Every structure is written in C-alpha cells, then in structure tokens.
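Remarks on the structure that follows.
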Amino acid sequence: MANFGKFANLSPHGWTVKTQTQSIAIGQNAHIGLWGGGPAGEDLIVAPANPNICAVHEEPKPAGWPHWRHFLITALSDGETAVNASVKSGGAWATMTVRVTGRIGLHLVFFPGEFTDSSSTPPVVTGTIYAIGGAGEHIAAAGGRAGLPVQGVYDQGGHTRESTPPGQYVLGPKEHVITKSWPYSSIPWGVALRLNSDDEMEFEAPAGHWTVATGPRGSVTTAMLTFLRKDDPTATLQDAIDTVRTTCIDDKNHKLWNDTWKGNDFGRWGWNLQLNGKRTGYYVHTTPEDEIATEEGKAVFLANSHACIHIKPAERDMLMKAGFLREGVPFEVRPYSEKSSQ
Amino acid sequence: MKLSLLLLIALLHGAAAHAANCLEVEDRIDAEVARLRAAEDSLTLLRRIGTDSLAAVTDCPSSDRLWYLAARAAELLELPSGGQAFIAYGGFKTIVGDAEAHRPASFAIATIGARLDGSSAAARRALTLNPDYPPARRALAFALSREGNIEESLGVATIQRPHAADHLVRAKILLAGDRPLESEKEAEAAIKAPGSDPDEVTLPIELQRDANETLGFALLKQGQTERAKRAFRIAAADGSIPARTQMQSMR
C-alpha cells in the first residue's frame with residue numbers, strides 16, 4: 006500500500022489533495038512524499054510516465070518520519086504527466102499527476118548523483134543534464150567523484166580531484182579550452198600540426214601562426230616539465246622532452262602520429278561554468294578518448310572527472326543544435342544526494 | 005630449387021614486414037602510454053590502450069610489449085570497471101593467462117601474474133627472469149609479508165632510492181608487522197611523492213587509494229581516530245573496500 010502526500014514541512018503550494026495533482030511553474034521544483042511500499046514492503050520505483058515533462062529525484066530518507074520517502078520534482082516543459090510509484094515488474098501502486106505550466110528562458114539542471122554503479126571500485130557516479138524550457142531534452146553526464154572532501158584529494162601535477170560543487174552557474178562561451186596546467190591541453194583541439202626543419206612538432210594557432218610544441222623550448226615540453234615537477238622536483242627537462250616527443254612524433258618514420266591535434270583533455274568544445282560573473286575551474290566538456298571513439302563508431306564510456314562535467318560528443322552536438330549549450334545559459338548543479346529511484 | 009628459394013625469400017620478406025608493422029603498432033600504442041602520464045581522464049585512455057593492445061596481439065602474438073600492456077591495463081582497470089573493462093576478451097585472469105602462455109620469458113608479464121597469484125613462489129619466478137626489475141621485487145616483498153615473513157620482506161623492500169610505490173610496499177609490510185608508527189611514515193611518504201613509476205604503467209589514483217588505506221589503519225592502531233577517518237574517507241572515495249567497511253564500523 007502506498008500514497009503520495011505532503012509530510013513534515015513540505016510546502017503544500019500547488020498541491021491538490023483531491024486530485025493528487027502537483028502544479029509547478031516551468032523550471033521550478035516541488036517536494037512530495039511517498040508513504041508506504043510494495044506488496045512485500047519493498048521500495049517502489051518513482052518515475053514520471055513522460056520524462057520530458059518533469060524529472061523526479063529521491064532526497065535522503067527523512068529522519069523521524071518512518072515509512073515516508075522524500076522526492077524532488079523538477080518541471081522541465083509545459084504539459085501534464087502521471088508520476089507512478091511502481092513495483093519492479095511495472096505495476097503502479099500509487100499515482101499522482103504533475104502539471105507544468107508557464108514559460109521560461111532556456112536553462113540546464115545537472116543532477117550529478119542520480120546513478121551509482123557499485124560494481125566498479127570506486128563506484129562510478131553518473132547523472133543527467135536536463136534541459137528546461139525545451140522539448141524535454143536530457144543527456145548523460147559525469148561530474149567529479151561523489152563524497153570527496155570539499156578541499157579535494159590530491160591527484161597529480163598539482164591537480165586535485167573534487168566532487169562537483171552544487172551551485173547556480175552560467176555557461177561561458179563555447180571555446181577550445183586551453184590550459185598549461187594539463188600539458189596536452191596547452192594546444193587547442195583540432196589545430197594543424199607539422200614537423201619543422203629541426204624535426205620538432207609545431208601547431209598552428211591562430212591561423213598562420215606556428216608555435217613549437219616539442220623539444221627543449223617547446224610549449225608542451227615546458228608545460229610538461231612544470232606538471233612533472235609538481236610531484237617530483239628532480240624531474241628533468243630531458244624527461245619532459247622524451248615524454249612529449251613519444252606522444253607526438255613517430256621517430257622511426259620521421260613523421261607525426263597525427264596531422265591535427267586530438268590530445269586536448271577537454272575534447273573539441275568546452276563551456277566554463279561561471280559563478281557571479283567570474284570563471285571557475287569547472288567546465289562542461291568531452292574527453293579526447295570519447296571524441297575519438299565517437300569518430301570511430303565505438304562505445305563511449307563516461308568516467309568521473311576531477312570536478313568538471315564530462316558529456317558524450319554526440320549528445321553535446323544534439324544539445325548545441327537545440328540551443329542549450331551556449332554562452333549565458335543558466336546551469337544549475339544539484340547536490341549528489343538527489344538520486345534516481347529507478 | 006629456384007622456386008623454393010624464391011618462396012623462402014618471399015616468406016622471410018613477409019615476416020620482416022610483419023615484424024616491422026608490429027614495432028610500429030607498439031610505438032603507436034606507446035605514444036598513448038606516454039600521454040597517460042599527464043592525462044586528465046586516465047581511466048578512459050587506459051581502457052583504449054588495453055583495447056588497442058588486445059586487438060593488436062592477434063596480429064603480433066610475439067610482442068612482449070603488447071601483451072604486457074594488455075595485461076597491465078586489465079589489471080589496473082579490474083577494480084575501477086568491476087571486472088567489465090575487458091570482459092569481451094575473457095577478463096583480467098584470462099588475459100594474464102594468455103599473456104603468460106605467449107610470452108613466458110617476459111619478466112613484466114610474470115610480475116603481473118605473480119601479483120595475481122599472490123604467492124612468494126610466483127614472485128620469485130618473476131624476479132628470476134629479471135633480478136633488477138623493481139615491480140618484481142615489490143611483488144616478492146609483499147607476498148613474503150602476507151606469508152608472515154616480515155623481516156625477510158622488509159629486507160627485500162629496502163632500497164637506496166625508494167619510489168612512492170616502494171614506500172607503499174614498506175608501509176604495508178610494517179603495518180602487517182605491527183609497527184604502525186613506521187608504517188604511517190612510509191604511507192605519508194608515498195602520498196607525498198606520487199610521481200609516476202618509471203618501471204610500470206600506473207594510475208595515480210591507485211597509489212593514493214592504497215597509501216591512504218594503509219595510513220588509515222596505521223593511524224587507527226595508534227588510536228588516532230580522527231586522522232584515520234580522514235585517510236579512510238579519501239581511500240574509500242577512491243574505491244578502497246576495506247576503508248569503506250572500516251568507516252561504516254566506526255559510525
């Protein structure tokens with residue numbers, strides 16, 4: 006036996022008990038409780054019949070309210086849908102209606118902690134970016150690992166791994182991300198490469214301007230040396246030269262491994278998550294492996310990032326085409342504690 | 005006679021071209037291995053290195069390097085992927101078994117096999133193949149400590165210029181030998197010096213996870229519960245099951 010309702014201090018605003026209907030303005034959230042469970046007392050799966058209208062996430066179990074579970078409903082697009090609490094086989098044990106109304110500018114909401122794959126160690130935690138104000142578009146995404154200390158955990162090269170901080174961000178402009186803090190990201194994605202007369206690799210950025218990347222004065226070598234010395238102050242220039250050269254140049258055949266750069270850690274495009282008008286260290290981006298796998302028609306695997314938000318290249322392209330991935334679009338990151346009940 | 009000679013020349017030429025192709029494949033995959041040293045998403049890159057190596061050993065079954073990279077990628081991704089990363093190739097144990105069967109004289113592959121086997125006998129076999137290979141020595145030291153031979157294992161694990169991986173092995177041995185204060189110092193040394201291992205393909209997350217797990221237990225044995233909790237929390241977030249279990253029991 007189960008039923009939807011309001012418990013504790015959940016706001017009754019927009020809730021009609023008689024029709025079991027929750028009205029929500031588009032882009033807003035509402036909280037709802039579910040009392041009870043399935044025939045054997047098991048937890049029911051709570052999900053909207055039409056996931057384009059709203060998304061439903063479970064909040065942590067409420068203390069002091071036995072038999073109640075707490076859900077957050079996020080209104081995505083205009084319309085009406087049933088939200089069912091079902092047993093695994095599919096039968097609904099409780100049903101309510103969500104009615105979404107109104108208009109709103111486009112924005113994106115990322116729930117980073119929806120799904121936990123406990124078969125992997127550490128568990129891979131992935132979520133979904135929901136587009137609000139569109140046609141219910143949503144894409145898979147992976148933020149930083151869940152449960153890391155706020156100050157992060159040291160990784161390598163001066164970088165820490167962090168959980169992606171919740172907050173109300175705004176997307177910066179679409180960019181080929183470049184940063185010297187990740188040596189291979191010091192070259193923009195996709196630029197032309199060539200071997201110069203000294204047998205060193207150069208890249209072209211901006212058009213017509215060539216920069217030496219490898220060798221003792223190469224820009225990637227310099228970035229690599231800084232990266233290596235963060236962990237090992239005795240790291241040598243020769244070590245950096247050798248590492249970068251191996252990555253870029255096929256010495257046996259006196260040619261480059263690739264004639265365009267596909268080693269940038271941020272993939273083809275990235276969008277900075279800006280907070281209060283200022284850039285942060287977090288981006289929405291793909292990875293070079295996923296870009297290449299997509300080009301080759303192979304499977305793409307979302308892995309947890311250092312704190313950025315990883316997305317899949319094909320889904321990025323879809324969301325770009327729909328107009329959501331562009332400068333100025335609000336981007337909300339929700340807490341990891343909000344889970345899918347599916 | 006003339007025809008046989010021509011056939012032999014053609015075969016030799018074909019074999020040489022094939023070997024050259026295999027060397028080029030090795031170099032191409034090693035270019036990705038070099039990128040692993042500073043890659044933001046090292047897990048996905050490692051999966052690609054493993055997949056490419058496994059695809060390549062079909063044509064290059066005599067390549068020590070490709071078999072090593074396949075086995076090492078499978079070893080490193082076993083936990084992070086829940087054993088699923090290379091399941092299409094039979095999984096970690098099968099891949100290591102295949103690698104050992106094809107390249108029985110490879111000390112690097114034998115070392116992976118020894119870590120999988122866990123016995124000092126297997127580690128000694130790997131070390132015999134190359135007495136100067138640090139990962140084989142570490143495997144032996146760790147196996148000896150698991151078998152209760154703490155002093156002998158500390159002797160094997162003591163070297164002049166220890167890398168972070170050497171500090172970690174010593175930390176584990178000292179913990180097993182009920183010497184938590186020394187274990188704590190070695191674990192902290194491993195955490196502070198996480199530079200990549202010059203002798204093996206590694207993932208920074210693996211070393212950080214194991215070092216923090218060992219540090220947590222070393223601190224717990226000294227009654228430093230709060231510091232232990234912090235170490236366990238980091239190790240658990242990086243996938244340590246013992247750390248996660250310990251944290252749950254401390255609640």
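Chains as they are written, first to last, in the working numbering: chain H, 6 to 347; chain X, 5 to 255. We put the CB at the ideal spot given by N, CA and C, even for glycine. Keep in mind the model is a prediction, meaning the values are calculated, not measured.
Nearest neighbour of residue i, chosen from the options [CA to CA]
i, options, result
"H:Tyr174", "H:Leu242, H:Lys185, H:Ser124 and H:Thr285", "H:Thr285"
"H:Phe329", "H:Ala52, H:Leu233 and H:Ala136", "H:Ala136"
"H:Gly268", "H:Ile297, H:Thr133, H:Glu85 and H:Gln279", "H:Ile297"
"H:Gln161", "H:Leu233, H:Ala240, H:Thr252 and H:Ala7", "H:Leu233"
"H:Pro188", "H:Pro178, H:Ala97, H:His164 and H:Thr169", "H:His164"
"H:Arg339", "H:Ala147, H:Val51, H:Thr241 and H:Gly157", "H:Ala147"
"H:Gly43", "H:Val22, H:Ala7 and H:Arg74", "H:Ala7"
"X:Thr2", "X:Ile177, X:Asp34, X:Gly152 and X:Ala77", "Residue 2 of chain X is absent from the model: chain X starts at 5 and stops at 255."
"H:Ala151", "H:Asn55, H:Gly213 and H:Ser123", "H:Ser123"
"H:Pro130", "H:Leu280, H:Trp262, H:Glu167 and H:Leu111", "Reading off the sequence shown, one finds Val at residue 130 of chain H, where the question assumed Pro. Residue H:Glu167 is the option with its Cα nearest to H:Val130."
"X:Ser67", "X:Ala42, X:Asp203 and X:Ala105", "X:Ala105"
"H:Gly272", "H:Gly19, H:Gly118, H:Gly96 and H:Val196", "H:Val196"
"H:Lys185", "X:Pro135, X:Ala42, X:Gly152 and X:Arg255", "X:Ala42"
"H:Gly247", "H:Arg222, H:Trp266, H:Asn263 and H:Tyr287", "Looking at the sequence shown, residue 247 of chain H is not Gly but Asp. It is H:Arg222 whose Cα lies nearest to the Cα of H:Asp247."
As assigned by DSSP and simplified to three states, the class of residue i
i, result
"X:Tyr72", "helix"
"X:Leu47", "helix"
"H:Lys179", "strand"
"H:Phe12", "coil"
"X:His106", "helix"
"H:Ile109", "coil"
"H:Arg321", "helix"
"H:Arg166", "strand"
"H:Cys253", "helix"
"H:Gln279", "strand"
"H:Ile349", "Lying outside 6 to 347, the shown extent of chain H, residue 349 of chain H is not represented and no answer is given."
"H:Ala212", "coil"
"H:His75", "strand"
"H:Met206", "strand"
"H:Ala90", "strand"
"X:Val205", "coil"
"H:Met229", "helix"
"H:Ser123", "coil"
Beta-carbon spacing of residue i, residue j below 9 Å
i, j, result
"X:Ile209", "X:Gly181", "no"
"H:Ala60", "H:Ile78", "yes"
"H:Val249", "H:Thr226", "yes"
"H:Thr219", "H:Ile254", "yes"
"X:Glu188", "X:Gln250", "no"
"X:Ala193", "X:Asn216", "no"
"X:Leu158", "X:Ala143", "no"
"H:Arg104", "H:Thr169", "no"
"H:Leu81", "H:His143", "yes"
"X:Ile33", "X:Ala60", "yes"
"X:Leu223", "X:Pro184", "yes"
"H:Gly32", "H:Ile58", "no"
"X:Ala109", "X:Ser124", "no"
Contact with chain H by residue i, beta-carbon distance below 9 Å
i, result
"X:Arg69", "no"
"X:Asp203", "no"
"X:Gln212", "yes"
"X:Asp102", "no"
"X:Ile177", "no"
"X:Ile195", "yes"
"X:Ala35", "yes"
"X:Gly3", "Residue 3 of chain X is absent from the structure shown; chain X starts at 5 and stops at 255."
"X:Glu28", "yes"
"X:Gly95", "no"
Cβ of residue i within 9 Å of any chain X Cβ
i, result
"H:His362", "There is no way to answer for residue 362 of chain H, as the model of chain H reaches only from 6 to 347."
"H:Thr126", "yes"
"H:Ala218", "no"
"H:Val158", "yes"
"H:Tyr189", "yes"
"H:Lys257", "yes"
"H:His311", "yes"
"H:Asp204", "no"
"H:Met6", "no"
"H:Val233", "Sequence inspection shows Leu at residue 233 of chain H; the Val mentioned does not correspond to that position. Chain X contact via Cβ: present."
"H:Phe306", "yes"
"H:Val196", "no"
* **Residues of the region 290-302 of chain H with Cβ closer than 9 Å to any Cβ of chain X, in chain order** => Those residues of the region 290-302 of chain H that come within reach of chain X (Cβ to Cβ, closer than 9 Å) are Thr292, Pro293, Glu294, Asp295, Ile297 and Ala298.
* **chain X contacts from the region 147-180 of chain H (Cβ-Cβ distance under 9 Å)** => Answer set for the region 147-180 of chain H: Arg150, Ala151, Gly152, Leu153, Pro154, Val158, Tyr159, Asp160, Gln161, Gly162, His164, Arg166 and Ser168.
* chain X contacts made by the region 74-98 of chain H, where a contact means CB separation under 7 Å -> Result list empty, no residue passes.
* Cβ-based contacts, 8 Å cut-off: residues of the region 39-50 of chain X near chain H -> Going along the region 39-50 of chain X in chain order, one finds Arg39, Arg41, Ala42, Ala43, Glu44, Asp45, Leu47, Thr48 and Leu49 with a Cβ nearer than 8 Å to chain H.
* May I ask you to list, following chain order, the residues of the region 247-273 of chain H that have a beta carbon less than 7 Å from some beta carbon of chain X? => Interface annotation for the region 247-273 of chain H against chain X: Thr248, Thr251, Thr252, Asp255, Lys257, Trp262, Gly268 and Asp270, criterion Cβ-Cβ distance under 7 Å.
* Listed in chain order, which residues of the region 211-241 of chain X have Cβ atoms closer than 9 Å to some Cβ of chain H? -> In summary, the residues of the region 211-241 of chain X whose CB is separated from some CB of chain H by less than 9 Å are Gln212, Arg213, Asn216, Arg234, Arg237, Ile238, Ala240 and Ala241, in the order they occur in the chain.
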